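Chains B and A, in that order, give the protein sequences.
So the first sequence is numbered by our numbering: it starts at 689 and just counts up by one.
So the second sequence is numbered by our numbering: it starts at 689 and just counts up by one.
2 protein chains.
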Amino acid sequence: MFVLCMENTDNNLESSSDTRNRLLDAAEKLFCQRGFEGTSVRDITAEAGCNIAAVNYYFGSKEKLYEEMFHRRLSEKIQGHMKTIERVCARPDATLEDLLRELVRPTMESALRGDTWSRVVRFLVREALHRRFDRDKIAEELIGKFFERLAAAFQQLLPGLEKRAAWRAALTFESLVMHPILFFEMYDLVLPGFTVEEITEQIVRVGAAGLRSCLKGTAE
Amino acid sequence: MFVLCMENTDNNLESSSDTRNRLLDAAEKLFCQRGFEGTSVRDITAEAGCNIAAVNYYFGSKEKLYEEMFHRRLSEKIQGHMKTIERVCARPDATLEDLLRELVRPTMESALRGDTWSRVVRFLVREALHRRFDRDKIAEELIGKFFERLAAAFQQLLPGLEKRAAWRAALTFESLVMHPILFFEMYDLVLPGFTVEEITEQIVRVGAAGLRSCLKGTAE
DNA sequence: AAGCATATTAAACAAACGTTTTAATCCTGT
DNA sequence: ACAGGATTAAAACGTTTGTTTAATATGCTT
């Protein structure tokens with residue numbers, strides 16, 4: 689017993705039992721809706737259609753189940769963005785606007801659709817605000833790699849951009865993307881009937897102009 | 689008994705007893721640290737140095753205590769920003785950069801100091817993401833008024849800016865300010881040793897360039 | 001078919017939760 | 001000084017929490 693609990697990564701395909709995956713899916717759904725503390729183990733096992741003891745049998749604790757689900761989604765999300773950057777940057781005629789648009793549009797479509805994707809992001813942020821970043825080395829490394837790649841892409845598309853300015857630009861760009869995801873309801877309140885096009889073009893326009901302004905202004 | 693529980697606004701100065709205020713302060717401190725569900729009534733009363741029953745005696749429930757603390761801080765925060773806007777806009781020679789800088793710098797100082805102010809903002813956001821906006825009419829109105837004023841200020845400082853473009857600009861600007869507050873740890877990771885000056889000037893520079901770009905580009 | 005590790009189940013665990021009750025204490029107006 | 005409402009206090013309320021136990025069921029190998 690308890691063989692599956694410890695260190696189950698993707699090396700052992702057989703170990704991904706049905707109930708195990710159903711638990712991960714149920715946890716994701718309910719955690720996103722009600723948060724970590726707002727979701728009980730009984731809720732999760734009911735949603736997954738299995739016994740209460742299953743969570744501790746497969747993951748050891750509610751906390752470990754949360755961590756596995758969290759890291760799975762975070763790495764999925766970041767790897768998707770990484771591929772987009774690679775794809776756009778490979779094109780010889782790629783512009784800054786191209787990159788921004790290709791990163792922003794799918795994200796905004798997801799947010800306006802209100803699908804699992806964007807709700808997971810909101811949950812990730814909510815939990816990241818709650819449980820401190822600096823304790824989670826896995827998340828820290830994933831995010832670090834992503835910003836490194838994004839900053840490099842900005843340096844490629846904006847020749848002459850200094851390294852630190854590129855990092856600042858990467859953070860600033862993420863500001864613009866994150867906000868509509870987090871505060872979707874407010875956007876609907878302030879900009880009634882807003883569309884994917886409108887918000888995407890706003891971010892691309894402001895982002896491009898803002899990032900180009902980083903070229904001229906030097907860091908003090 | 690229970691006379692203080694119901695509808696205690698500022699009209700009755702006598703009703704603000706010591707324990708009542710100590711409970712509000714303790715709740716603020718602990719809610720910001722551990723979240724609503726992560727904080728027990730026993731924690732709060734221990735911090736405030738009073739009996740467990742005091743929460744239900746003064747506020748009726750843990751939920752009501754939370755609401756009062758939430759709205760108190762939110763309106764404080766927003767009124768402060770409103771006054772800043774009024775002050776800057778009253779100056780005849782005021783520029784867009786002036787307004788942005790005066791809104792951003794105190795907020796960034798607060799965030800880097802890591803004082804109560806910024807931790808409250810993080811908590812407000814965390815809880816706003818959790819408990820849906822559209823249920824809270826008070827918060828909805830406060831935020832609506834603030835964005836209305838900010839959009840008007842942008843129209844004043846950027847002549848020719850269309851109304852809807854001004855609302856978009858207001859939301860976009862808030863993106864830039866909110867992000868460093870929420871993800872302070874990430875900024876320290878990506879931009880080691882970053883200062884108030886650096887981040888303030890980045891936001892002002894990008895914000896001003898971005899917002900001016902809203903003048904040219906029309907909404908589709 | 002027997003043996004055995006794996007998987008699932010029902011039941012119970014102690015601990016922590018928000019809230020309530022009841023009694024004691026404090027403070028103020030007369 | 002005393003009456004009476006406002007406040008504090010200790011204790012217990014009934015739930016719900018995450019976790020564990022011990023028994024049963026399942027599926028594969030020999």
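C-beta atoms are modelled at their ideal positions from N, C-alpha and C, and glycine is treated no differently.
No experiment lies behind these values; they were computed from the predicted model shown.
Here DSSP, grouped into helix, strand and coil, assigns Cys720(A) to helix. Positions of the alpha helix (DSSP H) runs, each at least 4 residues long and wholly inside the stretch 748-828 of chain B, are given as 750-778, 784-801 and 804-818 in order along the chain. Residue-level contact check: Arg893(B) touches chain A, since one or more beta carbons of chain A fall below 8 Å from its beta carbon. In the assembly as shown, Thr883(A) is an exposed residue. Its beta-carbon has fewer than 16 other beta-carbons within 10 Å. Annotation: Thr772(B) to Pro794(B) spans about 10 Å, alpha carbon to alpha carbon. Chain-order list of chain A residues neighbouring Val813(B): Val813, Arg814, Leu817, Leu870 and Phe871, by C-beta distance under 9 Å. Just measuring C-alpha positions, the residue of Arg730(A), Ile869(A), Lys833(A) and Phe842(A) sitting nearest Leu800(A) is Ile869(A). Against chain B, a Cβ distance below 9 Å from His867(A) picks out Leu859, Thr860, Glu862, Ser863, Leu864, Met866 and His867. Around the beta carbon of Gly898(B), a 10 Å sphere encloses 16 or more other beta carbons of the protein chains shown; the residue is thus reported as buried.
The Cβ-Cβ distance between Met874(B) and Ile766(A) does not fall below 8 Å.
Using a C-beta cut-off of 8 Å, the stretch 807-823 of chain B makes no contact with the stretch 834-845 of chain B, since fewer than three inter-stretch Cβ pairs fall below that distance. The three-state reading of DSSP puts Thr860(A) in helix, counting H, G and I together.
For Asn739(B), the secondary structure class from DSSP, reduced to helix, strand or coil, is coil. Here the C-alpha atom of His867(A) lies approximately 12 Å from the C-alpha atom of Leu817(B). Taking every protein chain shown into account, the CB of Thr860(B) has 16 or more other CB atoms within 10 angstroms, so this residue is buried. Contact annotation for Gly726(B) against chain A: Glu725 and His818 [CB-CB distance below 8 Å, chain order]. Remark: C-beta atoms of Ser863(A) and Ser863(B) approach each other more closely than 8 Å. For Ser705(B), there is no enclosing alpha helix (DSSP H), as DSSP marks it with neither H nor E. If you compare the alpha carbons of Thr783(A), Leu762(A) and Asp786(A) with that of Glu829(A), the shortest gap goes to Leu762(A). For Ala840(B), same chain residues with a beta-carbon under 6 Å away, outside a window of 5 residues either side, do not exist. Exposure of Ser728(B) is indicated by the presence of fewer than 16 other C-beta atoms within 10 angstroms of its C-beta.
With fewer than 16 other CB atoms across the displayed protein chains lying within 10 angstroms of its CB, Ala741(A) is exposed.
With respect to chain A, the C-beta atom of Arg793(B) has no partner C-beta closer than 8 Å.
A distance of 8 Å or more separates the beta carbons of Leu879(A) and Arg779(B). Counting only Cβ-Cβ distances below 9 Å, Ala854(A) has no contacts in chain B at all, with the closest Cβ about 11 Å away. When 7 Å is used as the limit between beta carbons, Ser901(A) is near these residues of chain B: Arg893, Val894 and Ala897, in chain order. The beta-carbon separation of Leu784(A) and Leu846(A), rounded to 6 Å, stays under the 8 Å limit for a contact.
Separation of Thr707(A) and Arg819(B) (C-alpha to C-alpha, rounded to the nearest whole angstrom) is 30 Å. Taking the Cα of Leu877(B) as reference, the smallest distance to any Cα among Arg856(A), His759(A) and Trp805(A) is reached at Arg856(A).
For Glu756(B), the closest C-alpha among the options His769(B), Asp731(B), Ala782(B) and Asp824(B) is that of Asp824(B).
Secondary structure note for Leu879(A): it is in no alpha helix (DSSP H), with a DSSP letter that is neither H nor E.
Look at Val729(B): its C-beta is not under 8 Å from any C-beta on chain A. At the C-beta level, Leu788(A) and Ala715(A) stay beyond 8 Å of one another. By the neighbour-count definition (other C-beta atoms within 10 Å, threshold 16), Gly723(B) is a buried residue. One thing to note: Leu711(A) has its Cβ within 8 Å of the Cβ of Tyr746(A).
Apart from sequence neighbours up to five positions away, the residues of its chain that approach Val743(A) with a beta-carbon distance below 7 Å are Leu711, Val729, Ile732, Thr733, Lys750 and Leu753, ordered along the chain.
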